[in-house]
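Undergrad: Heads up, the final residue of the sequence shown is numbered 423 in our numbering, and it's a clean run with no missing numbers.
Idealized CB from N, CA, C, for every residue including glycine.
Here's a structure for you.
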Amino acid sequence: MRVTQVPPVVLTIAGSDPSGGAGVQADLKTFTVLGVYGTAAITAITCQNTKGMSDYLPMPAQLVAAQITIVVEDIGCAAAKTGMLATAEIVRTVAKLTRELALSPLVVDPILRAHSGGTLLDEEGLRAMKDHLLPVATVVTPNAHEAAQLVGFPVDDAENAARAAQRLLEMGPGAVIIKGGHLREDAVDILVEAGKPGPLFLAAPRLEAHHTHGTGCIFSAALTAELSKGLPLEAAARRAKTFVTEAIRYGLALGQGRGPANVLAAGLMLPSW
Ligand code: PXL
């Protein structure tokens, strides 16, 4: 008899990007390349390509809840992440289900705006994120712009990013990683963890890259995949950073705008994972 070992099951709760570079599509590709089994609850259908987003339709919150529940009750969940949540009601529903279904570890990628500028979560959603979702997150992974909106002061260098990370930690998540891609200097990520001395600075050279569509989603998906394998947070964060750096280095010149970062190349560059 052949015995097949099953990989860890991971869940993404995020929006669909039909161009395949960000959102649920990026998450599932990243999960697959990193050797975990991806499941997905869709929060919104976006209409976008490499040039920008023209429209989106949020799903009813109860349909998001039903997707999560039917999957997790059947095949379980070794780790989960949230991406675009679209409405305050979806944010509150996901927070409630996180408690009820004991979704853990939970990576919260607090998507607020599209790269092209459109709002993906409004003011009420931001409030719900702070009040309900951050307190149940294992780790929250904002970029500098998202961190600034969450804390209410500018975040544009390592010093104020470290202060913002500490402020976000006080909102209740187990840890905070502020991604350095939008800071003025090197692409240094800042990690603070509750109960540990910090902050920790995770450095990487800044790449002159154009094809970067989906990098935020790829980082948080890779982090979720590595956490699902049982890695401690710092080790998982270092791997996720290396993974997304390689995906950016080999970004794909697809479409007429910003092409997608390349998770397949990243997986091939890091085969021992
Ligand atoms: O990169 C943020 C993001 C996340 N999820 C979806 C998106 C975008 C940006 O456009 O479309 C579905």
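(1) Can you have a look at I225 and say buried or exposed, based on whether 16 or more other CB atoms are within 10 angstroms of its CB?
(2) Please write down, chain order preserved, every residue whose beta carbon lies under 5 Å from a heavy atom of the ligand PXL.
(3) Would G366 be called buried (16 or more neighbouring beta carbons within 10 Å of its own) or exposed?
(4) Could you check which residue in V241, L402, A375 and G302 has the C-alpha nearest to that of A228?
(5) Count Cβ pairs between the region 276-283 and the region 183-198 that sit closer than 8 Å; are there 3 or more?
(6) Relative to the C-alpha of A264, which residue among R388, L414, G165 and A416 is closest?
(7) The alpha helix (DSSP H) spanning Q299 covers which residue range?
(8) Skipping 5 residues on each side, what residues in its chain have a beta carbon closer than 8 Å to that of G407?
(9) For the region 200-219 against the region 235-248, are there 3 or more C-beta pairs whose distance is under 8 Å?
(10) For S204, is the classification buried or exposed, using 16 other Cβ atoms within 10 angstroms of its Cβ as the cut-off for buried?
(11) Go ahead and label G185 buried or exposed: buried means 16 or more other beta carbons lie within 10 angstroms of its beta carbon, across all protein chains shown.
(12) K391 and L352: beta carbons closer than 7 Å?
TA: To lay it out plainly:
(1) exposed
(2) G165, D167, A172, G173, T196, G233, M234, I261, A264 and G366
(3) buried
(4) A375
(5) no
(6) G165
(7) A294 to V301
(8) N199, T200, K201, G202 and H363
(9) yes
(10) exposed
(11) exposed
(12) yes
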